[in-house]
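*Asks:* Residue numbers (the numbering used here), protein chains in the order written: chain A, 45 to 179; chain B, 45 to 179. Even glycine gets a Cβ: it sits at the ideal position worked out from N, Cα and C.
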DNA sequence: CTGCATCCCGTGAGATACTG
DNA sequence: CAGTATCTCACGGGATGCAG
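Rendered as structure tokens:
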């Protein structure tokens, strides 16, 4: 059957686009690094391995749940390695893998742009809000 | 009063950290560009101004609500300009500002890393899941 | 010390219907 | 054509309590 409604065709296009997006490497990377705690964790681990409790202290406001969850995700993605030293009490250390290290230039680029341009963005926001308030 | 419980001190540290995070330019930029549709919109607008309906067509699966919402945010941040041509029917064009253009190298860097390394990440995930399944 | 399980709630995104 | 308004629902994330 060659005849489809316009709505059907649109739905197909959208489905194909969704599939494309789900597979898009850039989207996946963006989703990963934009996570609330990932960036902080990457920084915290940048200068060497770190214990769980030490990480909890550095990221002062992270909940245990989110810290563990984020670390697991990074471990699964091969960006971080988890090393357990059996002892009493247990000692667990996290460290960046070479792959995780490779993320640093990216984060640096983002940080650089942000520090150079975010004040302009903030100014734009203020101007926009002023116009909106004057309506 | 100089004496506070350990819990109080921790709460203060966390609050201060939260305030720091909220003000952090890098966090703000990350939150903005990691938005599901922002990256796509940036690409769609990269080669010149574009009408609302044209954008809707290019980002096949975006809802009107999200398209408008995302465009408003970008406009507010001074990354995009909205130009209304009064006519019947109305014609609205969106275009990148110079500030918005400046984001392209960042997005390129992210895209570059993703295309170069995400297959390794995917492999790491598969290996991790295999180990988990074998438990 | 390092974590997992559970409950709870706010935000955000989609669907749908209506307007200048 | 280019939106706005409202409803609903799922998911993320915090708090808390328990366990190896």
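Could you please give me the residues that DSSP links to residue 139 of chain B through a beta bridge?
*Replies:* B:125
*Asks:* Kindly provide the ranges of any alpha helix (DSSP H) runs that are 4 or more residues long and lie completely inside the region 140 to 164 of chain B, ordered along the chain.
*Replies:* 142 to 145
*Asks:* Would you be able to state if there are at least three C-beta pairs under 8 Å between the region 77 to 96 of chain B and the region 72 to 86 of chain A?
*Replies:* yes
*Asks:* Along chain A, which residues have their Cβ under 8 Å away from the Cβ of residue 91 of chain B?
*Replies:* What residue 91 of chain B touches in chain A: nothing, since even the nearest Cβ is about 18 Å away.
*Asks:* On the criterion of 16 or more Cβ atoms from any shown chain inside 10 Å, does residue 132 of chain A qualify as buried, or is it exposed?
*Replies:* exposed
*Asks:* Quick check on this structure: which residue in A:122, A:104, A:166, A:96 has the alpha carbon closest to the alpha carbon of residue 61 of chain B?
*Replies:* A:104
*Asks:* DSSP beta-bridge partners for residue 181 of chain A?
*Replies:* With chain A covering only 45 through 179, there is no way to say anything about residue 181 of chain A.
*Asks:* Going by the CB atoms, is the gap between residue 143 of chain A and residue 123 of chain A shorter than 8 Å?
*Replies:* yes
*Asks:* Going by DSSP, what residue range makes up the alpha helix (DSSP H) through residue 58 of chain B?
*Replies:* 50 to 67
*Asks:* Looking at the secondary structure, which residues open and close the alpha helix (DSSP H) in which residue 80 of chain B lies?
*Replies:* Counting along the chain, residue 80 of chain B falls outside any alpha helix (DSSP H), and DSSP gives it neither H nor E.
*Asks:* Give the residues from the region 55 to 67 of chain A that approach chain B closer than 7 Å (Cβ to any Cβ), ordered along the chain.
*Replies:* 57, 58, 61, 62
*Asks:* Taking residue 161 of chain B as the reference, which of A:138, A:50, A:70 has the closest Cα?
*Replies:* Check the Cα spacing between residue 161 of chain B and each of A:138, A:50, A:70: the tightest is with A:70.
*Asks:* Name the chain A residues that come within less than 7 Å of residue 122 of chain B, Cβ to Cβ?
*Replies:* Residues of chain A passing the Cβ test: 164, 165, 168.
*Asks:* According to the neighbour-count rule (16 or more other Cβ atoms, all chains shown, within 10 Å of its Cβ), is residue 49 of chain A buried or exposed?
*Replies:* exposed
*Asks:* Considering Cα atoms alone, identify which of A:147, A:145, A:163 is closest to residue 68 of chain B.
*Replies:* Minimum Cα distance to residue 68 of chain B is reached at A:163.
*Asks:* Assuming contact is defined by CB atoms lying nearer than 8 Å, are residue 148 of chain A and residue 138 of chain A in contact in what I supplied?
*Replies:* no
*Asks:* Please list the terminal residues of the continuous alpha helix (DSSP H) segment that includes residue 111 of chain A.
*Replies:* 108 to 120
*Asks:* State buried or exposed for residue 106 of chain A, treating a residue as buried only when at least 16 other CB atoms are found within 10 Å of its CB.
*Replies:* buried
*Asks:* Residue 121 of chain B and residue 168 of chain A - do their beta-carbons sit closer together than 8 Å?
*Replies:* yes
*Asks:* Rounding to the nearest angstrom, what Cα-Cα distance links residue 91 of chain A and residue 99 of chain A in this structure?
*Replies:* 12 Å
*Asks:* Can you name the residues of chain A whose CB is closer than 7 Å to the CB of residue 69 of chain B?
*Replies:* Those within 7 Å of residue 69 of chain B in chain A are 158, 159, 162.
*Asks:* For residue 65 of chain A, which residues from the same chain have a beta carbon less than 8 Å from its beta carbon, with the 5 sequence-adjacent residues on both sides left out?
*Replies:* 71
*Asks:* Could you name the residues of the region 78 to 107 of chain B whose beta carbon sits closer than 7 Å to any beta carbon of chain A, in the order they occur along the chain?
*Replies:* 78, 83, 104, 105
*Asks:* Taking the alpha carbon of residue 116 of chain A as the reference point, which residue from A:102, A:101, A:85 has its own alpha carbon closest?
*Replies:* A:85
*Asks:* Roughly how many whole angstroms lie between the Cα atoms of residue 55 of chain A and residue 51 of chain B?
*Replies:* C-alpha separation (whole angstroms): 54 Å.
*Asks:* Going along the chain, which residues of its own chain have a beta-carbon closer than 8 Å to the beta-carbon of residue 129 of chain A, five neighbours each way excluded?
*Replies:* 135, 136, 137
*Asks:* When you compare only the Cα positions, how much space is there between residue 178 of chain B and residue 63 of chain B?
*Replies:* 43 Å
*Asks:* Measure from the C-beta of residue 146 of chain B to each C-beta in chain A and report whether the shortest distance is under 8 Å.
*Replies:* yes
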